[in-house]
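Sequences listed follow chains X, Y, R and H, in order.
The first sequence begins at 1 in the UniProt record's numbering and counts up one residue at a time.
The second sequence begins at 1 in the UniProt record's numbering and counts up one residue at a time.
The third sequence begins at 1 in the UniProt record's numbering and counts up one residue at a time.
The fourth sequence begins at 1 in the UniProt record's numbering and counts up one residue at a time.
Beta carbons: idealized from backbone N, C-alpha and C, even for Gly.
Number of protein chains: 4
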Amino acid sequence: MTLTASVVGASGFAGGELLRLLSGHPEFELRQATSREYENRTVGYVHPNLRELDLRFSDPADLESVDALFAATPHGVSMGNVEQYLAAADTLIDLSADFRLGSEAAYDEWYDGHTAPAYLDAATYALPELSRDGLADADIVAAGGCNATATMLALKPLLDAGLLRPSDQVVADLKVGSSEGGAGGGAASSHPERSGVVRPYAPTGHRHEAEIEEQLGLSLSFTVHAVEMVRGAAATCHTFPTGGTAADGGIETPELWSAYRDAYEAEPFVRLVAGGGGVYRYPEPKAVAGTNLAEVGFAADGERVVAFAAIDNVMKGSAGQAVHAANLAFGLEETAGLTQTGLHPVGSP
Amino acid sequence: MTLTASVVGASGFAGGELLRLLSGHPEFELRQATSREYENRTVGYVHPNLRELDLRFSDPADLESVDALFAATPHGVSMGNVEQYLAAADTLIDLSADFRLGSEAAYDEWYDGHTAPAYLDAATYALPELSRDGLADADIVAAGGCNATATMLALKPLLDAGLLRPSDQVVADLKVGSSEGGAGGGAASSHPERSGVVRPYAPTGHRHEAEIEEQLGLSLSFTVHAVEMVRGAAATCHTFPTGGTAADGGIETPELWSAYRDAYEAEPFVRLVAGGGGVYRYPEPKAVAGTNLAEVGFAADGERVVAFAAIDNVMKGSAGQAVHAANLAFGLEETAGLTQTGLHPVGSP
Amino acid sequence: MTLTASVVGASGFAGGELLRLLSGHPEFELRQATSREYENRTVGYVHPNLRELDLRFSDPADLESVDALFAATPHGVSMGNVEQYLAAADTLIDLSADFRLGSEAAYDEWYDGHTAPAYLDAATYALPELSRDGLADADIVAAGGCNATATMLALKPLLDAGLLRPSDQVVADLKVGSSEGGAGGGAASSHPERSGVVRPYAPTGHRHEAEIEEQLGLSLSFTVHAVEMVRGAAATCHTFPTGGTAADGGIETPELWSAYRDAYEAEPFVRLVAGGGGVYRYPEPKAVAGTNLAEVGFAADGERVVAFAAIDNVMKGSAGQAVHAANLAFGLEETAGLTQTGLHPVGSP
Amino acid sequence: MTLTASVVGASGFAGGELLRLLSGHPEFELRQATSREYENRTVGYVHPNLRELDLRFSDPADLESVDALFAATPHGVSMGNVEQYLAAADTLIDLSADFRLGSEAAYDEWYDGHTAPAYLDAATYALPELSRDGLADADIVAAGGCNATATMLALKPLLDAGLLRPSDQVVADLKVGSSEGGAGGGAASSHPERSGVVRPYAPTGHRHEAEIEEQLGLSLSFTVHAVEMVRGAAATCHTFPTGGTAADGGIETPELWSAYRDAYEAEPFVRLVAGGGGVYRYPEPKAVAGTNLAEVGFAADGERVVAFAAIDNVMKGSAGQAVHAANLAFGLEETAGLTQTGLHPVGSP
């Protein structure tokens with residue numbers, strides 16, 4: 001029996017990606033796509049890749065009853081509509097930050113407070129490679145954010161293997177695509193201004209640190225740069241692990257391979273890429289654009305271990321992650337609807 | 001019973017795309033991928049998107065027996081190896097120009113002659129939307145070239161409807177991606193030189209004209225520009241049709257919609273995009289990158305009718321077209337293995 | 001004695017380019033840069049390349065008295081403020097379309113009418129390579145638009161040499177950068193949507209045709225495509241000249257060289273690029289980005305002559321052209337302040 | 001009296017940039033441009049921006065006598081030709097790494113040894129903002145490398161102010177353009193492979209560390225990523241300074257402004273950009289493309305101070321730096337020939 005799904009905020013980038021994934025999903029039937037701005041327009045009017053989809057945007061005030069409601073609205077919206085969503089759906093899969101953090105206090109510190117803190121306990125953070133606990137029964141699933149996802153995937157194996165300790169120094173230097181800014185736009189995201197940049201826009205104190213601290217118990221330094229691509233988030237994590245056992249403290253490459261394989265060998269969406277030959281020797285966004293894959297890698301350098309991760313921010317950093325979490329929430333095959341392959345050659349994704 | 005397939009010249013761009021398509025094809029089993037240069041390397045060594053594929057390049061001198069052999073080698077190679085290919089496979093699907101034209105004389109005029117002209121009669125040109133004749137029994141299938149494909153898809157409906165006559169004036173102005181140059185590279189295709197160009201590189205007298213003349217009986221003017229993208233071929237055909245029935249000779253938009261719908265309504269890989277609202281009002285490569293779709297459109301302007309077509313040159317202009325033709329040659333469902341959806345948002349594909 | 005200049009609408013792209021040119025001009029002293037939106041901000045706040053300039057935007061309601069007032073406002077604004085401008089300056093150099101056409105009727109047909117038609121006679125169209133007549137005494141100079149400039153530079157020599165007749169068939173196929181849309185932006189110009197396109201946005205009936213018809217007496221077909229670059233306008237003009245003297249009507253390359261040299265040999269801002277070897281064999285925008293140069297070229301193809309031109313739309317298509325015209329209007333050395341050299345290597349300009 | 005100059009290796013990217021700078025330099029007369037590969041071709045054949053330059057490449061075996069010889073050849077060449085160069089010129093300005101390091105041992109460790117170690121003592125490292133000592137009389141000037149230049153400009157003020165100690169933790173994360181790879185090309189630099197990347201290619205142990213250690217006495221961790229642009233090098237230096245005087249160890253923004261102003265206020269080629277409003281709030285390569293400027297900035301984050309620098313790698317990271325050093329070596333005005341202004345708007349430089 002097919003499960004039904006709806007997408008709220010379906011005219012945005014993550015919303016459109018959900019439409020793409022759900023319309024091709026073997027187990028979900030896409031029933032509704034809402035958008036205030038484009039009510040009654042075909043979904044193809046906004047998403048040209050979905051012109052063959054026979055579906056029109058509808059008013060979010062009239063939500064159909066579905067098994068799974070995917071909310072792809074800007075931060076602050078889901079928390080205001082959560083009761084309406086839970087009335088319409090068995091499970092709410094939220095792509096915003098509204099249910100990612102564990103306490104009202106965290107929202108007071110990092111965001112503008114929370115309007116429905118009572119629901120925070122019912123929410124389960126979703127970065128499945130980190131933990132699948134609680135996803136199977138979740139009423140509210142909070143898909144992890146793109147920068148946090150890339151960063152945590154890069155670091156997790158070092159922590160799990162005890163090589164990196166929570167008190168060790170970690171600097172995450174991120175390079176992200178323009179779709180991270182959402183469909184809203186603004187002066188800085190107009191093509192003449194945004195094209196070809198290497199632009200630090202969050203030099204310090206980024207909200208994604210909150211997620212990472214809660215999930216990994218790790219405090220880290222974060223700097224985000226906008227670069228020339230539409231999709232993609234690449235994390236370079238400079239770590240100074242003190243948990244290695246070698247006499248001189250340095251960690252060798254074989255030990256790193258061990259740690260990363262232990263962490264990810266069984267993971268369907270993680271691909272280890274670390275050294276070797278050819279052109280593509282370390283993780284990069286081009287290689288995974290359009291897919292739910294994360295490339296993860298590492299390099300040893302004396303006291304430093306550099307850990308890399310590259311994802312498609314609209315997929316593994318957002319919509320793909322949400323569908324992955326939904327597969328787990330509904331007891332489906334984990335990779336259902338997420339078997340897309342990347343492209344080669346491909347340009348600036 | 002599964003059909004078997006092999007790809008010769010599998011380390012190039014079209015070859016890699018064939019590996020992507022065939023490895024996911026429900027009816028074909030990919031048995032061999034050859035490459036002299038990368039013999040014994042995993043296919044993922046060259047094509048990072050295919051790292052999960054458990055397959056190594058092998059020596060093209062040792063071809064396995066298969067049902068379908070896809071040749072993705074540079075022009076001039078297939079004609080030299082055709083006997084070896086036909087010994088190994090029931091059907092040869094060639095992606096080069098070696099079997100596209102109908103006569104040895106044509107190769108003397110447009111290329112450097114032909115070394116196996118006896119096989120030209122056995123070859124069937126493959127642009128299915130133009131004609132499916134002869135594909136079902138073909139021994140040799142010659143997949144149409146990317147620039148010719150885009151151009152002919154744009155023009156066919158005008159010819160079929162009798163609006164455009166073979167003697168009418170037609171100018172095809174093309175904009176293409178860097179992958180058209182193949183994986184070989186050269187000074188002009190290095191990133192610092194090729195990046196950001198609008199560069200006429202075939203101002204006149206392009207080989208694709210030969211294909212078009214043979215297939216459509218139409219003589220036309222052709223100019224090709226390299227532009228900033230890796231995948232994509234966009235044709236803008238400026239036509240001055242004299243077959244319209246209106247008193248003043250002009251052709252009106254409803255008549256054009258009629259012609260294009262008649263030609264393509266039933267075609268699974270053609271999407272009509274002509275005017276309307278929103279951002280994506282006419283055919284463009286971004287909307288179809290990674291898919292086998294062609295967007296086709298038109299605009300009326302007094303005596304002139306502008307016909308547009310946009311494809312992914314590695315897909316509908318090459319590998320996708322080859323697999324489509326193979327589906328027809330083997331009596332499979334036409335869209336088998338070719339149901340990929342495009343992306344939105346997406347950058348320079 | 002130094003001449004004084006001001007720029008109205010100085011926070012936009014053409015306005016900022018005027019600031020760059022005038023601040024480095026040996027004969028002009030930049031006295032004022034106006035912007036309603038950024039009043040009191042430093043010019044470097046909007047134009048990061050001009051951070052060293054000690055100047056703040058001021059209120060356009062308080063115009064200083066200057067010799068030359070450059071208006072870089074959107075279409076429709078100058079015609080509404082022309083009296084105020086002429087009260088403040090001896091000479092108005094307008095970058096918009098407001099004074100380019102010759103009659104009120106033309107504005108009724110192509111634009112939304114004209115609010116100060118009495119001033120049209122006092123205005124002189126400025127594409128110096130076309131004609132310098134009337135520029136020396138002009139009260140109002142109307143700098144030619146970018147698409148029209150590129151197109152006319154490509155065609156002029158053919159007309160002058162009598163090879164192309166006004167009734168001959170001409171199709172202009174243009175490829176332009178995102179800065180053509182101005183600094184205002186909009187959904188279609190946000191980076192995720194605008195990046196990597198080959199997008200026809202003016203398939204037919206473009207306003208630039210009006211300018212070309214008036215200036216060259218030539219009726220032509222026009223199609224404009226947005227492509228991936230910020231600066232640049234490239235015109236490919238497909239012409240079918242009937243004025244050649246050869247028996248078969250075809251025009252040979254030596255005859256074309258003659259025509260183009262006659263037209264441009266003495267022109268400081270036109271560079272002929274037609275064939276030859278190396279990577280850069282025909283006009284392209286990258287080669288002239290940041291300069292006031294136009295590359296112009298051609299190729300013969302039987303009945304067809306393809307004429308190319310490439311400019312930087314913010315320079316020769318706008319601000320550079322305006323300064324060139326001002327140099328002529330004030331009897332200065334023609335190339336004053338316009339001696340910038342392009343870059344190599346360079347990316348997507 | 002004009003000084004004479006020549007450029008050896010003039011067909012490469014840095015060589016071409018030197019031609020651009022020297023041909024417009026008020027004090028230098030460009031006498032010769034050598035290239036084995038393009039001997040007798042006009043310089044414009046390779047560098048389209050220099051088509052107006054009346055100069056042909058000549059054989060490097062026949063060097064003219066000049067005051068200044070600029071060597072823009074790959075690493076390893078100058079050291080082999082140094083005697084020939086010093087016979088032809090009073091001053092050798094070398095753009096390669098061949099004379100940057102102080103000892104033969106350093107070359108044994110970081111490069112492939114040195115073939116003319118006797119000349120190392122006569123060489124003066126040239127990053128003028130770091131030190132002008134020894135440049136005035138230099139026989140051999142070794143222009144600093146691009147990645148080292150960007151990194152050192154970012155860090156110098158922190159060291160000078162005693163905020164950062166040589167033993168403190170520093171991680172430099174670089175993002176660079178494709179021209180860094182030189183004109184030679186290779187598989188990884190072909191447009192289809194290099195386009196749109198965020199590709200770590202030097203995860204650790206980069207040669208530029210050697211220069212930085214020698215110049216600043218600072219040991220640091222280095223990771224370099226190729227990103228989508230042709231020109232540009234952007235350094236993000238994550239530092240953990242322990243030299244601050246505050247009780248809690250943190251360094252506040254006013255203290256940073258002090259340090260950076262002290263270091264750079266009088267420097268003609270350094271522009272401080274740190275916070276503020278608008279779109280361009282931190283250093284970025286687009287803002288300085290084509291100029292000899294470096295944008296430098298910083299942000300305080302508790303224990304961490306992030307220091308940024310952005311340059312054009314072909315200018316301040318290579319040719320511009322060389323000309324700046326030559327101005328100092330010959331006692332000319334420091335900014336002679338280096339007064340170019342950047343562009344806005346501009347794309348991927």
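Practice problem: Indicate the three-state DSSP secondary structure (helix, strand or coil) for H/V77 in the structure shown. | Solution: Reduced to three states, the DSSP call for H/V77 is coil.
Exercise. Give the DSSP bridge partners of R/S190, in chain order.
Key: Answer is X/S190, bridged to R/S190.
Quiz item: What first and last residue would you give for the alpha helix (DSSP H) that runs through R/S23?
Solution: That run of the alpha helix (DSSP H) goes 13–23.
Quiz item: Should R/V176 and R/S221 be called a contact, given that it needs their Cβ atoms to be closer than 7 Å?
Solution: In this structure, R/S221 does not lie closer than 7 Å to R/V176 by Cβ.
Quiz item: What do you reckon, are the CB atoms on X/A183 and X/N313 nearer than 7 Å?
Solution: Taking 7 Å as the Cβ cut-off, X/A183 and X/N313 do not qualify as a contacting pair.
Exercise. Could you tell me whether the Cβ of H/H191 comes closer than 7 Å to any Cβ of chain Y?
Key: At least one chain Y Cβ lies under 7 Å of H/H191.
Quiz item: So Y/L163 is in the alpha helix (DSSP H); what residue range does that whole segment cover?
Solution: For Y/L163, there is no enclosing alpha helix (DSSP H), since its DSSP letter is neither H nor E.
Self-check item: For R/G185, the nearest candidate out of X/P192, X/A322, X/L153 (CA to CA)
Solution: Proximity to R/G185 across X/P192, X/A322, X/L153 peaks at X/P192, based on C-alpha coordinates.
Quiz prompt | Residue-level contact to chain R via CB, X/V230, 7 Å cutoff | solution = With 7 Å as the cut-off, X/V230 counts as an interface residue toward chain R.
Quiz item: Taking C-alpha atoms, which residue in R/M315, R/R304, R/Y282 lies nearest to H/G44?
Solution: Out of R/M315, R/R304, R/Y282, R/Y282 has the C-alpha closest to the C-alpha of H/G44.
Quiz prompt | Where X/S103 sits in the DSSP three-state scheme | solution = Coil at X/S103, not helix or strand.
Quiz item: Hey, H/S318 and H/C146: beta-carbon distance below 7 Å or not?
Solution: With respect to the 7 Å criterion, H/S318 and H/C146 are classified as neighbours on the basis of their beta carbons.
Exercise. Evaluate contact between the segment 39–59 of chain Y and the segment 106–119 of chain Y, counting only Cβ atoms and requiring at least three cross-stretch pairs below 8 Å.
Key: The segment 39–59 of chain Y makes no contact with the segment 106–119 of chain Y; the number of CB pairs closer than 8 Å stays below 3.
Quiz item: What are the boundary residues of the beta strand (DSSP E) that includes X/R199?
Solution: From DSSP, the beta strand (DSSP E) with X/R199 extends over 198–202.
Quiz item: For R/Y125, which of helix, strand or coil comes out of DSSP?
Solution: Looking at R/Y125 - three-state DSSP - the assignment turns out to be strand.
Quiz item: According to DSSP, which residues form a beta bridge with H/T335?
Solution: According to DSSP, which records beta bridges pairwise, H/T335 is partnered with nothing at all.
Quiz prompt | Cβ neighbours of H/Y38 in the same chain (closer than 7 Å, five flanking residues each side left out) | solution = Cβ within range, chain order: S11, Y45, V46, F57.
Quiz prompt | Other residues of its chain near Y/E284: CB distance less than 6 Å, five sequence neighbours each side excluded | solution = These residues qualify, in order along the chain: A310.
Exercise. Starting from the C-beta of Y/G80, find all residues in its chain whose C-beta is less than 6 Å away, skip the five residues before and the five after it, and write them out in chain order.
Key: Here the set comprises T115.
Quiz item: Which of helix, strand or coil does DSSP assign to R/A138?
Solution: The answer is coil: DSSP assigns R/A138 none of H, G, I, E or B.
Self-check item: Any non-hydrogen atom of the ligand SAH within 6 Å of X/E255 CB
Solution: Ligands displayed in this structure: none; no statement on the ligand SAH is therefore possible.
Quiz item: Which residues in chain R sit within 8 Å of Y/K175, going by Cβ to Cβ distance?
Solution: Contacts between Y/K175 and chain R, judged by CB atoms closer than 8 Å, involve K175, V198, H225, V227 in chain order.
Quiz item: Are the C-beta atoms of X/V323 and some chain Y residue less than 7 Å apart?
Solution: The C-beta of X/V323 comes no closer than 7 Å to any C-beta of chain Y.
Quiz item: Between H/D173 and H/R165, what straight-line distance do the alpha-carbon atoms span, to the nearest angstrom?
Solution: Each residue's Cα considered, the two are about 19 Å apart.
Quiz item: X/E17 to X/V323, Cα distance in whole Å?
Solution: Rounded to the nearest angstrom, the gap between the Cα atoms of X/E17 and X/V323 is 10 Å.
Quiz item: In its own chain, which residues sit with a C-beta less than 8 Å from the C-beta of R/S178, not counting the 5 before and 5 after it?
Solution: Around R/S178, the same chain offers S189, R194, A226, M229, V230 as residues with beta carbons nearer than 8 Å, after the five sequence neighbours per side are excluded.
Practice problem: Below 7 Å between beta carbons is the criterion; list the residues of the segment 282–303 of chain X that meet it against any residue of chain Y, in chain order. | Solution: If the cut-off is 7 Å between Cβ atoms, the segment 282–303 of chain X has A287, G290 near chain Y.
Quiz item: Between H/D133, H/S258, H/A263, which lies nearest to H/M152 when the distance is taken from Cα to Cα?
Solution: Comparing Cα positions, the closest option is H/A263.
Practice problem: On the DSSP bridge assignment, give the partners of X/C237 in chain order. | Solution: Its beta-bridge partners are X/A172, X/A307.
Practice problem: Decide if R/E295 is buried, meaning its Cβ has at least 16 other Cβ atoms within 10 Å, or exposed. | Solution: Buried, by the Cβ-count rule.
Quiz item: For the UniProt domain "Semialdehyde dehydrogenase NAD-binding" (4–138) of chain R, which residues have a beta carbon sitting closer than 9 Å to at least one beta carbon of chain X?
Solution: Sequence-ordered contacts of the UniProt domain "Semialdehyde dehydrogenase NAD-binding" (4–138) of chain R with chain X read F13 [C-beta pairs closer than 9 Å].
Quiz item: What separation, rounded to the nearest whole angstrom, lies between the Cα atoms of Y/G250 and Y/T242?
Solution: Going from the Cα of Y/G250 to the Cα of Y/T242 covers about 8 Å.
Self-check item: residue 350 of chain X versus Y/L95 - alpha carbon distance
Solution: Not covered by the structure: residue 350 of chain X. The range shown for chain X is 1 to 349.
Quiz item: Can you tell me whether X/N40 is buried or exposed, with buried defined as 16 or more other CB within 10 angstroms of its CB?
Solution: X/N40 should be labelled exposed.
Quiz item: Is the number of C-beta pairs between the segment 327–346 of chain Y and the segment 123–137 of chain Y that are closer than 8 Å three or more?
Solution: Here the segment 327–346 of chain Y lies against the segment 123–137 of chain Y, with 3 or more beta-carbon pairs under 8 Å apart.
Exercise. Would you list the residues sitting across from R/F269 in a DSSP beta bridge?
Key: The partner list for R/F269 (beta bridge, DSSP) is empty, contrary to what the question assumes.
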